[in-house]
Structures are given as structure tokens and as C-alpha cells.
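In the numbering used here, the protein residues as written are 413 to 686.
Here is the structure we will look at.
This is the structure in C-alpha cells:
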């Protein structure tokens with residue numbers, strides 16, 4: 413069976429994605445990753461191409477759940493988007509740490525939604541341990557990291573990465589926080605202890621809040637359709653403390669009318685207004 417052509421896969425995605433609450437424009441640049449998975453799936457179920465797979469989907473309603481899982485996109489590395497994490501390190505986390513230190517429960521609570529293989533929540537742990545936590549010793553950090561993909565979560569718990577995943581980190585951080593094993597770098601246990609991983613679909617479930625800081629980058633506001641974006645944003649708003657922060661992708665925009673204001677503009681960092 414020949415591999416599916418790009419143009420044929422595009423037609424399939426344009427037809428199928430709206431039926432599972434997703435939007436084609438978000439997948440345009442990453443479609444090849446998804447198309448390869450769909451191609452493998454078509455071989456498993458024994459259909460000869462996208463047109464036949466469309467018919468298969470119509471005849472087998474449970475297959476839509478499988479297709480939905482094939483459309484997850486995971487592109488991540490440590491300290492991805494330096495300007496964003498610099499702002500978190502220099503401004504956002506120190507402010508949250510100072511607020512937490514003055515509370516009865518001095519814990520800065522964070523949620524990383526769509527955490528993939530753990531680079532994002534572990535970057536927070538590194539930033540905290542390499543500076544913020546030292547400056548605010550009365551405050552603690554607790555991170556809940558969620559993803560729909562159990563295989564990615566298993567990789568996150570192991571926390572071993574290629575050098576390319578670490579290329580944005582200072583060498584001093586790598587030397588202090590990682591053990592090298594052949595061609596991989598494994599995060600030491602002390603940097604993993606503040607992160608709890610859970611399997612969840614952000615569309616239907618969230619960990620219990622409230623949170624001081626929520627990450628939802630390059631997921632909801634890239635791949636989900638407009639009604640689903642509004643629905644998820646409303647639930648995120650309930651999870652973020654007043655004056656807490658929501659971080660989305662730099663090139664994403666939030667649906668209008670929510671309680672979040674850019675802080676600062678241009679980085680995808682928003683503060684929840686009262």
C-alpha cells in the first residue's frame with residue numbers, strides 16, 4: 413500500500429478535524445507528523461486511502477476517538493521561547509513567590525497543561541531551584557503537569573532527553589541538574605520531586621485549583637476550534653487565582669471577553685483580573 417499523498421491527507425484533515433472540535437489552520441505546519449500516524453492507522457485497519465478511511469470513520473463511530481488521538485502534536489524542549497521564560501524567571505515567579513511567602517500556605521501552585529514529555533514543567537523547576545527559590549526561601553513550588561498521551565507522560569517521568577532538547581539551557585544548569593548516560597541527559601531526582609504528572613484531557617478535565625500560574629501553550633488556542641477554545645478558557649479562568657497568570661503561546665491569541673489581560677504584551681503572558 414503506497415503512502416498517502418500530502419494533498420490527500422490535507423483533504424482528509426480538512427474534512428475530519430472540525431468533527432472532533434479541531435481546526436485545520438493550526439495543523440498546517442505540523443500536518444506531516446499527523447499524516448504519518450494516519451497513514452500507519454489506515455494500514456492497520458486495511459483501508460486503501462483517505463477516501464476509504466472517511467467511509468471507515470462513518471461506518472465505525474469509535475474510530476473517531478482513535479483519529480482524535482492521532483492528532484495530538486508534541487513539539488517541546490527546555491526553556492522553549494527564551495523571552496517568555498526570562499520574564500517568568502525575572503518578574504512573574506518572584507512576584508508569585510513573594511505573595512505565597514505571605515500566605516498561610518506558602519506554595520506557588522502551577523499547572524502545565526499539555527506538558528508532553530515534561531520539558532516545560534521541569535524548566536519551571538530549574539528556574540525555581542537555580543534562583544527564585546533561593547531568593548524566597550519561605551516559599552515552595554508545586555507543579556501539576558497533565559497530558560492526554562500516556563506514552564509521553566511515561567517519558568516525562570523517566571526524564572531522559574537528547575542534547576537537542578537541552579540546547580537552550582545554560583551549561584552550568586545542565587552540569588548541576590542532569591546526569592549524562594551515553595547520548596542522553598537524565599534529570600536528577602531532586603529536580604523532579606516538585607512535579608506530579610497526571611493523564612488528563614484538558615477539554616474535559618482539570619486538576620483541582622486554584623493555581624498561581626497556568627501554562628497552556630501551543631495547544632488549545634492553536635489546534636482547537638473557536639467554541640472549544642471559549643469553553644476551555646472559561647474553565648481555565650476558574651482555575652487561576654485573581655492576579656495569577658496564564659501563559660499561552662507567543663503567537664496565540666485568547667478569545668475576547670475573558671478576565672485575562674496581557675502582562676506584559678507580546679509574550680503570551682496574561683494576568684487574571686479581579
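No residue lacks a Cβ here, since even glycine has one placed at the ideal position from N, Cα and C.
Everything numeric in this text was worked out from a predicted model, so none of it was measured.
Counted within 10 angstroms of its Cβ, other Cβ atoms place residue i as buried (16 or more) or exposed
i           : result
residue 604 : buried
residue 587 : exposed
residue 669 : exposed
residue 532 : buried
residue 487 : exposed
residue 470 : exposed
residue 494 : exposed
residue 568 : buried
residue 591 : exposed
For residue i, the first and last residue of its enclosing beta strand (DSSP E)
i           : result
residue 575 : Here residue 575 belongs to no beta strand (DSSP E), and DSSP marks it neither H nor E.
residue 523 : 519-525
residue 655 : 652-659
residue 384 : As shown, the chain starts at 413 and ends at 686. That puts residue 384 outside it, with no answer to give.
Cβ shell of residue i (< 7 Å), same chain only, five flanking positions each side left out
i           : result
residue 459 : 465, 468
residue 677 : none
residue 673 : 682, 683, 685
residue 637 : 430, 433, 434, 435
Coil, strand or helix - residue i by DSSP
i           : result
residue 608 : strand
residue 584 : helix
residue 497 : helix
residue 533 : helix
residue 590 : strand
residue 450 : helix
residue 394 : The question about residue 394 has no answer, for the chain in this structure spans 413 to 686.
residue 596 : strand
residue 644 : helix
residue 548 : coil
residue 538 : helix
residue 617 : coil
residue 674 : strand
Spatial neighbours of residue i in its chain, beta-carbon cut-off 8 Å, leaving aside the 5 residues before and after
i           : result
residue 593 : 572
residue 570 : 598
residue 431 : 476
residue 499 : 676, 679, 681
residue 537 : 553, 555, 603, 604, 606, 607
C-alpha distance - residue i paired with residue j, whole-angstrom precision
i           : j           : result
residue 618 : residue 612 : 7 Å
residue 445 : residue 614 : 21 Å
residue 551 : residue 681 : 22 Å
residue 609 : residue 527 : 9 Å
residue 524 : residue 456 : 33 Å
residue 542 : residue 474 : 47 Å
residue 632 : residue 484 : 11 Å
residue 419 : residue 453 : 18 Å
residue 530 : residue 565 : 7 Å
residue 512 : residue 546 : 14 Å
residue 449 : residue 509 : 42 Å
residue 548 : residue 478 : 46 Å
Contacting residues, own chain, Cβ-Cβ under 6 Å from residue i (five flanking each side not counted)
i           : result
residue 653 : 622, 624
residue 438 : 634, 635
residue 491 : 497, 535, 580, 581
residue 399 : Outside the shown range of the chain, which is 413 to 686, sits residue 399, and nothing can be said about it.
residue 628 : 525, 660
Endpoints, the alpha helix (DSSP H) within which residue i is located
i           : result
residue 420 : 418-428
residue 512 : 505-513
residue 462 : 462-471
residue 635 : 632-635
Any chain B beta carbon closer than 8 Å to residue i
i           : result
residue 598 : In summary, chain B is missing from the structure at hand, where a single protein chain is found.
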